[in-house]
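What follows is a single structure, written as structure tokens, with notes after it.
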Amino acid sequence: MFTWMYWTPEVAIFFACIVVMLGGMTVWELRSPTHERKGFLPIAMGRSLCTSF
Numbered sequence: 042m043f044t045w046m047y048w049t050p051e052v053a054i055f056f057a058c059i060v061v062m063l064g065g066m067t068v069w070e071l072r073s074p075t076h077e078r079k080g081f082l083p084i085a086m087g088r089s090l091c092t093s094f
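Numbering-wise (this note's numbering), the sequence shown opens with residue 42 and increments by one.
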């Protein structure tokens, strides 16, 4: 299935980290649901990976 891509250990670790982060954030969301709030810009924001930076 993935024979077209040359899988180095670094690439595999990168994708594994993405999967672990998404899984962890899913569990976090299920355990404590997000309460949307307005930030600096008047946009309702919830918990996400990009806003955590």
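C-beta atoms are modelled at their ideal positions from N, C-alpha and C, and glycine is treated no differently.
- Distance check between His76 and each of Met62, Trp45, Arg88 and Ile59 places Arg88 closest, using alpha-carbon atoms only.
- When beta bridges are read from the DSSP output, Arg88 appears opposite no residue.
- Annotated as proximal: Arg78 and Met86, with beta-carbon spacing under 8 Å.
- If you draw a straight line from the Cα of Pro50 to the Cα of Ser73, it is about 34 Å long.
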